[in-house]
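Novice: One structure, pasted below without further comment.
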Amino acid sequence: MTRFFTLIPAAGSGSRMDSELPKQYLFLNDKPMIYHSINTLYHNKLITSIFVVLAPDDCNWIKHDWSEFSDKLIVLNCGGATRAESVLNGLAIAKQRNLIDNNDWILVHDAARPCLTVVQLDKLISELTHDEVGGLLAVPVSDTLKRSNIDNLVMRTEPRENLWQAQTPQMFRYELLTKALQNAKKLHITDDASAIEALGLHPKLILSDTYNFKVTYPKDLALAELIIHQRNNP
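Residue numbers in the sequence shown follow the numbering used here, run continuously in steps of one, and reach 245 at the last position.
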């Protein structure tokens with residue numbers, strides 16, 4: 012029987028947040044940011060386990076209490092220099108421990124997307140369970156896009172027709188995702204879907220919304236805190 016696993020690569024430093032603390036540990040509504048991602052994934056009944064991939068020298072994880080997720084949470088201190096490397100390392104260790112099979116679904120989610128909702132997660136799984144390739148949450152681009160030169164002068168306006176902004180989770184079967192990431196080691200990819208595309212395959216886009224944004228800059232943290240606070244206090 013095909014199972015569902017999630018993997019959160021959390022070995023990055025979050026240098027654009029102007030903080031010495033890796034951004035996954037910055038507090039958001041009195042919890043580390045990564046807590047909110049784990050919490051949403053944990054409460055999905057289809058998800059068997061949640062793999063959190065940390066840097067080998069991570070010393071912040073143990074400072075927090077994760078016991079409420081203990082029956083699903085598996086910590087792997089095998090993070091790499093890039094997001095793709097962390098995902099690939101985590102998948103390899105999980106397979107070595109006989110925790111996952113080739114045909115199992117892997118949902119890779121960013122630690123810095125704390126506003127993922129149960130509805131979005133359910134929709135992703137429901138629409139992709141019988142898909143041959145897999146796919147990802149995404150939203151159509153609505154803003155006008157400008158391409159600049161190195162001096163920040165507009166060179167042209169890019170047509171936004173059929174352009175989407177990728178989000179996470181991104182959901183692919185273990186064997187395909189591993190093959191794609193291994194194939195893409197020499198490519199500059201920023202998400203798992205890019206690796207799948209490099210194999211000549213076409214991931215499916217599942218409509219999400221802009222609330223599932225990635226916290227990248229300090230102002231994003233304030234917005235995420237407001238959204239989560241409103242959800243918890245309707």
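We put the CB at the ideal spot given by N, CA and C, even for glycine.
Keep in mind it's a predicted model, so treat the numbers as computed, not measured.
#1: Within the continuous beta strand (DSSP E) that includes ARG14, where are the two ends?
#2: Taking C-alpha atoms, which residue in TYR36, ALA92 and THR17 lies nearest to SER60?
#3: Just the Cα atoms here: how many angstroms apart are SER219 and ALA123?
#4: Out of GLY146, ARG167, SER137 and LEU147, point me to the one whose CA is closest to ARG158's CA.
#5: For GLU143, which of helix, strand or coil comes out of DSSP?
#6: Which residues does DSSP list as the beta-bridge partners of ARG108?
#7: Identify, in the order they occur along the chain, each residue of the same chain with its Cβ nearer than 7 Å to the Cβ of TRP77, setting aside the five sequence neighbours on each side.
#8: Can you tell me whether ALA191 is helix, strand or coil according to DSSP?
#9: Around the Cβ of CYS70, are there at least 16 other Cβ atoms within 10 angstroms (buried) or fewer (exposed)?
#10: Over what stretch of residues does the beta strand (DSSP E) that includes PRO180 continue unbroken?
#11: According to DSSP, which residues form a beta bridge with TRP116?
#12: Is the Cβ-Cβ distance between LEU3 and ILE49 less than 8 Å?
#13: Between the Cα of GLU143 and those of ASN160, VAL226, GLN107 and ARG184, spot the shortest distance and give me the residue it belongs to.
#14: How far does the alpha helix (DSSP H) with ARG242 in it extend, from its first residue to its last?
#15: Mind checking whether LEU65 and ALA21 have CB atoms under 8 Å apart?
#16: When you compare the stretch 95-111 with the stretch 31-49, are there three or more beta-carbon pairs, one atom per stretch, that lie closer than 8 Å?
#17: Taking DSSP as the reference, what is the three-state secondary structure of ALA206?
#18: Taking its Cβ as the centre, do 16 or more other Cβ atoms sit within 10 Å of PRO43, making it buried, or is it exposed?
#19: Apart from the five residues on each side of it in sequence, which residues of its chain come closer than 8 Å, Cβ to Cβ, to ASN113?
#20: Should ASP41 be labelled buried (16 or more other beta-carbon atoms within 10 Å of its own) or exposed?
#21: Out of HIS141, LEU174 and ARG14, point me to the one whose CA is closest to LEU57's CA.
Specialist: In short, the structure shows the following:
#1: Looking at the DSSP string, ARG14 is not in any beta strand (DSSP E), and its letter there is neither H nor E.
#2: Of the listed residues, the one whose Cα sits closest to SER60 is THR17.
#3: 16 Å
#4: ARG167
#5: coil
#6: DSSP output for ARG108 lists no bridge partner at all.
#7: Only LEU84 meet the Cβ criterion.
#8: Looking at ALA191 - three-state DSSP - the assignment turns out to be helix.
#9: exposed
#10: Where PRO180 is concerned, the enclosing beta strand (DSSP E) starts and stops at 175-184.
#11: Residue pairing for TRP116: DSSP places it in a beta bridge opposite PHE15 and ARG184.
#12: The question about residue 3 has no answer here: the residues shown for the chain are numbered 12 through 245.
#13: ARG184
#14: 229-243
#15: yes
#16: Segments in contact, no.
#17: helix
#18: buried
#19: ARG184, TYR185 and GLU186
#20: Here ASP41 is exposed, its C-beta having fewer than 16 other C-beta atoms within 10 Å.
#21: ARG14
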